[in-house]
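Asker:
In the working numbering, the protein residues as written are 28 to 480.
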């Protein structure tokens, strides 16, 4: 019922503003957001794959042990993994199998496709990286530890662990030694299920230049003080679904960057870390485009940011059609933040007039406690303001009850219960203000209380 009322309200709003110069939200954007809903029915497989259990049926098991893997955590099992991969990839109905109860030491490796048919990767044991960067083979594989390239249709599952052994990387500063633990690149029709990825050298799990990726039931972890260890990093990818996952790292739990669209997240636990982030975008005067992002049902605990959009001065492009809804926060700094002046640099960033345009952003049913006084912050460019921001049923409070909202060059509306009051966001259009004052506020909804997911 609430969803219907919300839709009817937006329909009315578009009609009311049809004659105004400020065209608040159009039918195209609304339909994009509705189409991005993550329904429970989305649990279905991306493709028809029989479950792999004790009865393996006509599947051909390609066990890394059969190719000489030792699994003692000290012997180099890289060649065994490469040879087993070549066999599995070239064999129809095969399963690349990593047995439970063992630790397989694997150096930087690129596992390439395309493979014959749909490949199942069953990881039940632990795969560990060399603990010293000096022992890495960078000549062939660059700054990627485990990279899976050019796959079409593959399932990664098994409840195993992928451990990047990143402590020495963190000590050497991954700002200089940029290396990802697990990477899926140039692939489509991929499902990753029930795996644990931990202690990444830098980003724990990167999805790059890929399409139709589903991640469900994964756990991603790294120490809170580990630098730049983003949990799940999405770049130049589309149609990505992330759900039922727990992420706690030293950087963004999820980061979504340039040329990404149709990103759906549902039932996400985040903490520690830097929150759920779109960006950064626009660095070094580059173009950044992200559109069609939905986060539905999340719990953030003790993070340094909550729901964040971050862009550098001097960039161009846009962030559009984003919806954050049903989010509970506990002791989070900057619960809601748009920052068009992001500057992750030891030196002050130069003031520039151009910026990545940010518009059509919806925050709905967001509640909890803020560690910082400014619970809501819209720091936007004077030349490229943030526009068409909607706040609906927001309840954020500080421990001492002094929560505030900060706005600079940001326009939008709030309806329903809004705390702290976001009057600085409201459009200057008097007609909008009169209609809002005429009783459009909905009754305060019962907030969803999230615990550990």
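For every residue, glycine included, the Cβ atom is placed at its ideal position computed from N, Cα and C.
Quick caveat, the model's predicted, so the values are computed rather than measured.
#1: Taking Cβ positions, are residue 309 and residue 276 nearer each other than 7 Å?
#2: Quick check on the burial criterion: 16 or more other C-beta atoms within 10 angstroms. Buried or exposed for residue 450?
#3: Using three-state DSSP, classify residue 210 as helix, strand or coil.
#4: Go through its chain and collect everything with a Cβ distance to residue 76's Cβ below 6 Å, but skip five positions before and after it.
#5: Quick check on the burial criterion: 16 or more other C-beta atoms within 10 angstroms. Buried or exposed for residue 377?
#6: Residue 341 and residue 379 - do their beta-carbons sit closer together than 7 Å?
#7: Which whole-angstrom value describes the C-beta separation of residue 227 and residue 208, a residue pair presumed to lie in contact below a C-beta threshold of 8 Å?
#8: Hey, does residue 151 have any beta-carbon neighbour from chain D nearer than 7 Å?
#9: Helix, strand or coil for residue 99? Go by DSSP, reduced to three states.
#10: Below 7 Å between beta carbons: does that hold for residue 174 and residue 147?
#11: Just reading off the alpha helix (DSSP H) that residue 194 is part of, what are its end residues?
#12: Hey, how far is the Cα of residue 417 from the Cα of residue 438?
#13: Using a Cβ-Cβ cut-off of 6 Å (strictly less than) and excluding sequence neighbours within five positions of residue 287, which residues of its own chain qualify?
#14: Please report the straight-line C-alpha distance between residue 413 and residue 243, rounded to a whole angstrom.
#15: In the DSSP assignment, find the beta strand (DSSP E) that holds residue 273 and state where it starts and stops.
#16: Which complete beta strand (DSSP E) runs does the region 303 to 363 hold, if anything under 3 residues is left out?
#17: Look at the alpha carbon of residue 431 and the alpha carbon of residue 107, and state the distance between them as a whole number of angstroms.
#18: Where in the region 82 to 148 do unbroken runs of the beta strand (DSSP E), each at least 3 residues long, occur, reported from the N-terminal end onward?
#19: With a threshold of 16 other CB atoms inside 10 Å of the CB of residue 161, please say whether the residue is buried or exposed.
#20: Please list the terminal residues of the continuous beta strand (DSSP E) segment that includes residue 423.
#21: May I ask which residues mark the beginning and end of the beta strand (DSSP E) holding residue 442?
#22: Please classify residue 374 as buried or exposed, where buried requires at least 16 neighbouring CB atoms within 10 angstroms.
#23: By Cβ distance, which residues of its chain are closer than 8 Å to residue 371, with the 5 residues on each side in sequence left out?
#24: Is residue 283 buried or exposed, if buried means 16 or more other CB atoms sit within 10 Å of its CB?
#25: CA-CA distance, residue 153 and residue 272?
#26: Do you know offhand how far residue 364's Cα is from residue 196's?
#27: Report the option in 103, 110, 93 and 118 whose CA atom is closest to the CA atom of residue 86.
#28: Alpha carbon to alpha carbon, how far is residue 384 from residue 411? Give it in angstroms, no decimals.
#29: Just the Cα atoms here: how many angstroms apart are residue 452 and residue 142?
#30: Buried or exposed for residue 93, going by 16 or more other Cβ atoms inside 10 Å?
#31: Kindly list the residues whose CB is nearer than 6 Å to the CB of residue 210, restricted to its own chain and excluding five residues on each side of it in sequence; keep chain order.
#32: What does residue 376 pair with, by DSSP beta-bridge criteria?
#33: Which word fits residue 247, buried or exposed, when buried means at least 16 other C-beta atoms lie within 10 angstroms of its C-beta?
#34: Which class does residue 255 belong to by DSSP, given the choice of helix, strand or coil?
#35: Please name the residue in 313, 266, 333 and 320 whose C-alpha comes closest to that of residue 296.
#36: What number of angstroms, rounded off, separates the C-alpha of residue 120 from the C-alpha of residue 97?
Answerer: Let me lay it out:
#1: no
#2: exposed
#3: strand
#4: Bear in mind that a pLDDT of 38 at residue 76, under 50, signals an unreliable position, so the model cannot answer this.
#5: Classification for residue 377: exposed.
#6: yes
#7: 4 Å
#8: Any reference to chain D falls outside this structure, which holds one protein chain only.
#9: strand
#10: Not in contact: residue 174 and residue 147 (Cβ atoms no closer than 7 Å).
#11: In this chain, the alpha helix (DSSP H) harbouring residue 194 covers 194 to 198.
#12: 9 Å
#13: Once the five neighbours on either side are set aside, the close Cβ partners of residue 287 are 261, 264 and 317.
#14: 33 Å
#15: 265 to 275
#16: 303 to 308, 314 to 328, 334 to 338 and 343 to 359
#17: 58 Å
#18: 87 to 90, 99 to 103, 121 to 125, 130 to 132 and 136 to 139
#19: exposed
#20: 413 to 425
#21: 437 to 446
#22: Exposed, because fewer than 16 other Cβ atoms sit within 10 Å of the Cβ of residue 374.
#23: 307
#24: For residue 283, the number of other beta carbons within 10 angstroms of its own is at least 16, and it is reported as buried.
#25: 19 Å
#26: 30 Å
#27: With distances taken between Cα atoms, residue 86 lies closest to 118.
#28: 6 Å
#29: 52 Å
#30: exposed
#31: 171, 174 and 233
#32: In the DSSP output, where bridge partners are listed per residue, residue 376 has none listed.
#33: buried
#34: coil
#35: Of 313, 266, 333 and 320, the residue nearest in Cα terms is 333.
#36: 25 Å
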